[in-house]
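Chains A and B supply the protein sequences, listed in that same order. Using my numbering, read the first sequence as starting at 1 and increasing by one per residue. Using my numbering, read the second sequence as starting at 1001 and increasing by one per residue.
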Amino acid sequence: GAVVSQHPSWVICKSGTSVKIECRSLDFQATTMFWYRQFPKQSLMLMATSNEGSKATYEQGVEKDKFLINHASLTLSTLTVTSAHPEDSSFYICSANLGGGNYGYTFGSGTRLTVV
Amino acid sequence: DQQVKQNSPSLSVQEGRISILNCDYTNSMFDYFLWYKKYPAEGPTFLISISSIKDKNEDGRFTVFLNKSAKHLSLHIVPSQPGDSAVYFCAASAPGGGADGLTFGKGTHLIIQP
């Protein structure tokens, strides 16, 4: 079936550095990708909606200058956490909709980010 | 304010018995509900869903019930198996047919005991 490939699966970085997370849609084109964040024992919270060829739409409270999203092609969306701080440590997951309406959501395997 | 609530952080059920996971929502605009299963360090995998125009959907061992007037849905797993041990997320979608992201609950950690 359709797969969203997310890399890296885990990353440790120092405070102040930037980290890029990639999500690729395999075998299908994703005009829209969704980026979620999950803190321990919390729900997956939608951060932003990434649209191919246009600006991302950010949810309220999410800093667009801190979480840079680029969706330059129909198969690749990237999330860059800039100037990372320990409070940015979280589990980040991307998702795409295959076009089957509500049946179509498929998720990446997630990225565990730890900022030290 | 959490629009999708799963009030039980964990649930322990004996193998072979029925597991019932509950979910409540507050946004009456939600028109589609989904259940996902998630293992640690992995993305969620789709389990079963239900449209707001239905009150029941069944797929093998999994049945989802929707009580729209109470804004409540539940996932029944019967019989429960050891491989069912995971975190289960309830998610809701507003009209848009998949064009928007999902709103998730906090999840319920289901533990199936032998």
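For each residue, glycine too, the CB sits at the ideal point set by N, CA and C.
Proximity winner among the options, relative to residue i (alpha-carbon distances)
i	options	result
residue 1048/B	1108/B, 1103/B, 1012/B, 1061/B	1061/B
residue 16/A	9/A, 45/A, 89/A, 107/A	89/A
residue 47/A	53/A, 32/A, 40/A, 60/A	60/A
residue 1002/B	1105/B, 1111/B, 1065/B	1105/B
residue 112/A	93/A, 65/A, 75/A, 67/A	93/A
residue 1034/B	1007/B, 1078/B, 1073/B	1073/B
residue 1006/B	1043/B, 1028/B, 1092/B	1092/B
residue 54/A	97/A, 69/A, 79/A	69/A
residue 52/A	14/A, 64/A, 25/A, 43/A	25/A
residue 1013/B	1069/B, 1078/B, 1101/B	1078/B
residue 65/A	80/A, 75/A, 76/A	80/A
residue 85/A	7/A, 8/A, 3/A, 13/A	13/A
residue 1004/B	1010/B, 1027/B, 1011/B	1027/B
residue 115/A	6/A, 10/A, 4/A, 5/A	10/A
residue 1029/B	1041/B, 1008/B, 1094/B	1094/B
residue 30/A	110/A, 95/A, 57/A	95/A
residue 1015/B	1082/B, 1101/B, 1110/B, 1089/B	1082/B
residue 1010/B	1101/B, 1043/B, 1050/B, 1088/B	1088/B
residue 56/A	1100/B, 1008/B, 1067/B	1100/B
residue 41/A	1024/B, 1025/B, 1008/B	1008/B
residue 1024/B	1080/B, 1050/B, 1071/B	1071/B
According to DSSP, residues forming a beta bridge with residue i
i	result
residue 1059/B	1062/B
residue 37/A	45/A, 92/A
residue 1045/B	1037/B
residue 1092/B	1033/B, 1103/B
residue 14/A	Note: residue 14/A sits in no beta bridge, so no partner.
residue 1067/B	1072/B
residue 6/A	23/A
residue 1022/B	1074/B
residue 1086/B	1110/B
residue 31/A	Beta-bridge pairing links residue 31/A to no other residue.
residue 1050/B	1033/B
residue 1014/B	1113/B
Residues that residue i contacts on chain B, provided the C-beta gap is smaller than 7 angstroms
i	result
residue 112/A	1041
residue 34/A	1101
residue 109/A	1042, 1043
residue 93/A	1043
Chain B contact residues for residue i, given Cβ-Cβ distances below 8 angstroms
i	result
residue 105/A	1034, 1046, 1098, 1102
residue 49/A	1100, 1101
Nearest-angstrom beta carbon gap, residue j and residue i [assumed within contact, 8 angstroms]
i	j	result
residue 1103/B	residue 1021/B	About 17 angstroms; that fails the 8 angstroms criterion.
residue 1032/B	residue 1052/B	7 angstroms
residue 33/A	residue 50/A	4 angstroms
residue 1065/B	residue 1056/B	5 angstroms
residue 23/A	residue 77/A	5 angstroms
residue 1076/B	residue 1112/B	Incorrect: roughly 14 angstroms between the Cβ atoms, too far for contact.
residue 1058/B	residue 110/A	Not a contact, Cβ separation roughly 29 angstroms.
Under 7 angstroms from the C-beta of residue i: neighbouring residues of chain A
i	result
residue 1060/B	The contacting residues do not exist; residue 1060/B stays about 17 angstroms from chain A at best.
residue 1095/B	Simply none; closest approach about 10 angstroms.
Within chain B, partners of residue i - CB distance below 9 angstroms
i	result
residue 26/A	By Cβ distance, chain B contributes nothing, its closest Cβ being about 14 angstroms from residue 26/A, past 9 angstroms.
Chain-ordered neighbours of residue i on chain A, where CB pairs are closer than 9 angstroms
i	result
residue 1016/B	Chain A residues near residue 1016/B: none, gap ~28 angstroms exceeds 9 angstroms.
residue 1089/B	43, 44
residue 1009/B	41
Chain-ordered chain A contacts of residue i [CB-CB under 8 angstroms]
i	result
residue 1106/B	41, 42, 43
> What residue ranges within the stretch 78-115 of chain A form continuous beta strand (DSSP E) runs of no fewer than 3 residues, ordered along the chain?
Replying inline: 90-97, 105-107, 111-115
> Quick one: complete beta strand (DSSP E) runs, 3+ long, within the stretch 49-82 of chain A?
Replying inline: 67-73, 76-81
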